[in-house]
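Below is one structure, written out as structure tokens; comments come after it.
2 protein chains.
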Amino acid sequence: MEKYKVKFMPDNREIEVERGTSLLKAASQAGIYIKSSCGGKGTCGACKVILISGEAKSDRTGNLSPEQLSKGVRLGCHTFVEGDLTVEVPQESRLQAHQVLLENGGASLLRETSKDLLDLYGLHPLARKVNIRCSEPSLTDNASDWARLSMELKRVLSDDKPINISLSVLQSLPENLRKANWDLSVTLTDIDSEYTVIRVEPANERPAYGLAIDIGTTTVVVYLVNLDNGEIVDKQGSYNKQAHFGDDVISRIVYAVDSPENLDEMQKAVVETINNLIDDILKRQNLRAQDLASAVVAGNTTMTQLFLGIDPRYIRLEPYIPTVNSTPSVAAKEVGLNMLPDALIHSYPSVASYVGGDIVSGALATDMANSEEIILFIDIGTNGEIVMGNRDWLVSCACSAGPCFEGGGILFGMRAMPGAIERVDINPETLDVKLKVVGNIPPVGICGSGLVDCLAKLRKAGIIDRAGSFHLEHPSASARLRATADDKEFVLAWAHQAGGDKDVVITENDVKNLIRAKGAIYAGIRSLLQAVSLDISMVDRIIIGGGFGNYLDIHDSVQIGLLPDLPPEKFEFIGNSSVKGARIALLSQKAWSEAQELARKMTYIELSIGTTFMDEFVSALFLPHTDLSQFPSVENSF
Amino acid sequence: MEKYKVKFMPDNREIEVERGTSLLKAASQAGIYIKSSCGGKGTCGACKVILISGEAKSDRTGNLSPEQLSKGVRLGCHTFVEGDLTVEVPQESRLQAHQVLLENGGASLLRETSKDLLDLYGLHPLARKVNIRCSEPSLTDNASDWARLSMELKRVLSDDKPINISLSVLQSLPENLRKANWDLSVTLTDIDSEYTVIRVEPANERPAYGLAIDIGTTTVVVYLVNLDNGEIVDKQGSYNKQAHFGDDVISRIVYAVDSPENLDEMQKAVVETINNLIDDILKRQNLRAQDLASAVVAGNTTMTQLFLGIDPRYIRLEPYIPTVNSTPSVAAKEVGLNMLPDALIHSYPSVASYVGGDIVSGALATDMANSEEIILFIDIGTNGEIVMGNRDWLVSCACSAGPCFEGGGILFGMRAMPGAIERVDINPETLDVKLKVVGNIPPVGICGSGLVDCLAKLRKAGIIDRAGSFHLEHPSASARLRATADDKEFVLAWAHQAGGDKDVVITENDVKNLIRAKGAIYAGIRSLLQAVSLDISMVDRIIIGGGFGNYLDIHDSVQIGLLPDLPPEKFEFIGNSSVKGARIALLSQKAWSEAQELARKMTYIELSIGTTFMDEFVSALFLPHTDLSQFPSVENSF
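Those protein sequences? They're chains A and B, same order as listed.
First residue of the first sequence? That's 335 in the numbering used here, and the numbers climb one at a time after it.
First residue of the second sequence? That's 335 in the numbering used here, and the numbers climb one at a time after it.
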């Protein structure tokens, strides 16, 4: 096979690839991650690159204009290497890694729900470290090394669970015992049925650490947790590198099942994402991979299966069957996580193909399964999942809201990170705009909470009608409101304000996408209420988790019909409930076994059966809703 | 690093190695296995090679004669590549693989002790295959694939043990279920506490198979067993490729602990030995590696630790501590065996550093732990281990007999295979010799049973005295009895009879080695008797297992003082008891748990404590013994 050199600019990074390799793939091999919302189908146009020199062949140009094409702009996914090349990857085509903001704004995260829960469950982590001292062997006391060690462990642990040892620890046990002069720190996994020794080192007072990991479709978050006292020592988040293969779970599945290599590539992408986060945290804390003794992972069903390399094909085909809900615990070395090789990785159980471990984890973090009150838990991530119930019953559903609120499918959409518009004020007379931007820097794009706010304000200012259509003939005659070749848009920030060469805008297409997303979530809530014949007024509390969690404005959300019209005091935020639940399970065997129970107990309502959801969805495609009686508090002024 | 080509003749196999590589190592890399009894120390002279052309440097020549040196003969272990080379590896320097004879001579093996034992324990193998039919999923019956499969398995297996599934089977489960149209054959490991699914395939009537494996220091034997009915389907044995690193466990340990790479090399050598045997058997039986669902391995403590890659260093250093006696079960993929990747490999537990799993396995095969009679079980392999007792008590010891009876340390020593002298008759007048050779072909060497016979006949003919010294002034003046430069020897077969260019002889050095070996075993028996204050007459039965098992002549053995002077009807042979015990455990969970109990129950007597063994050993360095009253039946004619 012929090989050619491809140089990526402005990185000035050069690699060699086989003739016919797509530029998307080549960039990935060079460690440059390009957005690919549609998963390489050539439809989304997110993977634009610019040919500087050399030969490449494109078999699809999507919606690129002749002008763009003449400037060398190509779709990375459908342009293939035919000779030595130099390619520019513009900033907007890149996945921004290591930049995810972790709940450092909202006050509510300080409530630390999970702290209270830990008091409730008690500290009994899934791995632990104990210090012991063994007697030295002699001709008359010639028990084997392992017999000696395990007898002393049995004494110190003083319970009846069998104690095992991993082969790799056993292989080097003799030297490690003697180097430590029989004075030892022993790290063990501690699960329901057994202990397993996974590390033996000279006695020391350093704690064992664990990881709580939230694998979101868009974002991955890792907490480093001290297993001795339960404290969160550090945290870090970044984009999920799988985004390179598509924005949503469906495009990921389509890509993954194309060949066994693709599934493997997808598995490695998320593992690499997590390992990069681990490496950063370890460096910062001056720790080593061997200090990481356990992990609990929470992700939706597709993310969990992809993380474990399990064929996800039937998740997307009717009747939507996951391979497994109760995933087996696996060793770190089996999946490639940079931890103690025999550390156990526990994945939160799923309920169904579209109500995954992240929701079970979140539900655990809300403690709703022990509540007398009826709780409605809404997790707005790339999908939108809803759980309702109390200690007697739990129902759940998924409503395919799409990734809008995480910035996906929105022209200037982005995650809540520095540069993201999080609040929008529009003067209804002049259409002048005031923005609040994360980090108080020039705006780059707009995040979920900003989008909700923007939608409410666009409506309030009369820029859009109840169906989301733009009214270009607005009396203000502001230059901000304008038509483009194929859309209408409103300028939130002029290019010179944004510090770039483009105006930051919201388009009619964005607005329609947002209405579909909010409509899906509201329809999901309504469908769940109908499934159990409850009125919304009977719900005692609404807990909101997920990507934009703490930043969301309740008033705005009700105005646009995303959330039901209930008194503000019934709402609360829990932030990233998925990683919170993962931490609790990591620290408490009782919580972990309750999580299994919770997953079994949660009744899944499949919204695609019957017409309820579709009827509700269509009714919800207005601002706030077709049936205004459901939103009595919404101002009727417009 | 400079690299050079080394060509091996007459194989005409060429490889490239780094400058300074020993010819021993280079040959191994070329797949040519050279004997190295001393483990590469340059003392045994077994690894002779002949330089044909090119440059090599020797830093040691051992006992090579100037004449040999001038002919290009070198020690492979201490000759290093300095340029392109051509090297001849003579036949006598090669390990002969795949030629080990499996008990196809003795009638006693037809007794099939293990068959009776299986009746006793009942068939309940450590892995099994079941056929099930699952219902297809639908929108209203949307349990996960694994939930569907495990529920049906639970119904069919109808017991309460948890059912797990290996990650690798889970990864491809969805396609496998649907390709089979939900009509399935499921292979499971079935151990004490749980089932684990290790294979899912379309329904069929083929059985699952298991392997019973005896890892001897010298020889490795594999039985293929049908797990449905317990039948031995095929068997094969070969030399242990570790022999390349030394004949006995001590030289193996010395080599293995020199560096982590060496330990790894040693582990791979035995795995490669087993895999070659597996491949031959699979080919012959038209099976695939995936059909192999379980294995039970029996080996001495060092062999077991090396097989699992466990540092064996402290086995050879006082106080002789093994790393582990109860070795954990491991997956085939963890050690590299060519089976179902998640098939469990169970290793027989050891008692101490020098009473290993092979002895526990053998003791199980004798059923002595359930016997009312007192049984003395002697396993004569590369070491010599002894177990004595009945259902109430068991004691054991190891007596470092060395590998003589397997052909090691004997000039023309060899295993019982075609060409091995197994019976010797010497006319006391003329010293004419009559031989019985395995396979009725010209003699190549002499095996264990032949050596015992030879020793008795040499003594009877007055060729050697009670201490084993040669009497060159024998009245017959036969040319067979002669002195060489540094030894004395007796010709068993002339070169022209042997079809080679060398006379087949037994030397005084061989005889002394044999006396030490038989003395060690007899001293071990005596020490064990003293440890429990029993007289030999109180032993009801003596069971002999191990390498030369069935071929041994009881009369000869008593004549030379290898076995105690008891009536012949008290003796019986069990053959390779180690592989027999492995098969029973493979087929019966009850037997396998009894094996663990047996290992715990067996009291180990360390012969190096106190002077009993040494005193007994010194007394036993005569034919038959210093104390003739212990051998009343031995003819006093000489």
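Glycine included, every Cβ here is placed at the ideal spot set by N, Cα and C.
Going by DSSP, Ile859 (chain A) is part of the alpha helix (DSSP H) stretching over Glu842 to Ala865.
Around the beta-carbon of Asp393 (chain B), fewer than 16 other beta-carbon atoms lie within 10 Å, marking it exposed. For Pro594 (chain B), no beta strand (DSSP E) encloses it; the enclosing alpha helix (DSSP H) starts and ends at Pro594 to Gln619. Of all residues in the region 466-483 of chain A, those with a C-beta nearer than 7 Å to a C-beta of chain B are Pro471, Ser472, Leu473, Asn476, Ser478, Asp479, Trp480 and Ala481, reading in chain order. Tyr654 (chain A) and Asn498 (chain A) have their C-alpha atoms roughly 39 Å apart. By the rule that beta-carbons nearer than 7 Å mark a contact, Glu336 (chain B) does not touch chain A. Close to chain A, meaning a Cβ-Cβ distance shorter than 9 Å, is no residue of the region 614-628 of chain B at all. Taken in chain order, the unbroken stretches of alpha helix (DSSP H) that lie wholly in the region 377-420 of chain B and span 4 residues or more are 400-404. Closer than 7 Å to the CB of Tyr529 (chain A) there is not a single CB belonging to chain B. Taking a beta-carbon distance threshold of 7 Å, Asn761 (chain A) does not count as an interface residue toward chain B. A straight-line Cα-Cα distance of about 28 Å links Ile368 (chain A) and Lys852 (chain A). Contact annotation for Asp645 (chain B) against chain A: Gln505, Ser506, Leu507, Pro508 and Glu509 [CB-CB distance below 8 Å, chain order]. By the Cβ test, the region 761-770 of chain A is not in contact with the region 863-881 of chain A, since fewer than three Cβ pairs between them sit closer than 8 Å.
The Cβ atoms of Ser478 (chain A) and Pro656 (chain B) lie closer than 7 Å to each other. At least 7 Å separates the CB of Leu460 (chain B) from every CB of chain A.
Counting every other CB atom within 10 Å of its CB across the protein chains shown gives Thr960 (chain A) a total below 16, marking it as exposed. Taking the beta carbon of Glu652 (chain A) as reference, the chain B residues within 8 Å of it are Leu473, listed in sequence order. By the neighbour-count criterion, in which a residue is buried when 16 or more other Cβ atoms sit within 10 angstroms of its Cβ, His830 (chain A) is exposed.
Contacts with chain A (Cβ-Cβ distance below 7 Å) from the region 654-688 of chain B involve Tyr654, Ile655, Pro656, Thr657, Val658, Asn659, Pro662, Val664, Glu668 and Ala686, listed in chain order.
Residues of the region 491-504 of chain A whose Cβ lies closer than 9 Å to any Cβ of chain B, in chain order: Pro496, Asn498, Ile499, Ser500, Leu501, Ser502 and Leu504. Nearest in C-alpha terms to Ala364 (chain B), of all of B:Ser404, B:Ile386 and B:Thr420, is B:Thr420.
Excluding its 5 nearest sequence neighbours in each direction, Asp701 (chain A) has C-beta neighbours in its own chain below 7 Å: Leu451, listed in chain order. Three or more Cβ pairs drawn from the region 540-550 of chain B and the region 618-634 of chain B lie within less than 8 Å of each other, which places the two stretches in contact.
Here the C-alpha atom of Thr413 (chain A) lies approximately 12 Å from the C-alpha atom of Gly379 (chain A). When 8 Å is used as the limit between beta carbons, Leu642 (chain B) is near these residues of chain A: Leu501, Leu504 and Gln505, in chain order.
Contact check for Ser502 (chain A) and Asp676 (chain A): beta-carbon distance about 6 Å, within the 8 Å limit, so the pair qualifies. By the CB criterion at 7 Å, Glu350 (chain B) and Lys339 (chain B) fall inside the cutoff. Around the beta-carbon of Met673 (chain B), 16 or more other beta-carbon atoms lie within 10 Å, marking it buried. Within the DSSP bridge table, the entry for Cys731 (chain B) names B:Ile720 as partners. The Cβ of Tyr589 (chain A) sits no closer than 7 Å to any Cβ of chain B. In the assembly as shown, Met637 (chain A) is a buried residue. Its beta-carbon has 16 or more other beta-carbons within 10 Å. For His889 (chain A), there is no enclosing beta strand (DSSP E); the enclosing alpha helix (DSSP H) has its first and last residue at Ile888 to Ile894.
Fewer than three Cβ pairs drawn from the region 945-963 of chain B and the region 573-582 of chain B lie within less than 8 Å of each other, which leaves the two stretches out of contact. In the structure shown, the three-state DSSP call for Thr661 (chain B) is coil.
A distance below 6 Å between beta-carbons, with the five flanking residues on each side excluded, links Val689 (chain A) to the following residues of its chain, in chain order: Glu719, Ser730, Ala732 and Tyr938. Interface criterion not met: the Cβ of Ile720 (chain A) is under 7 Å from no Cβ in chain B.
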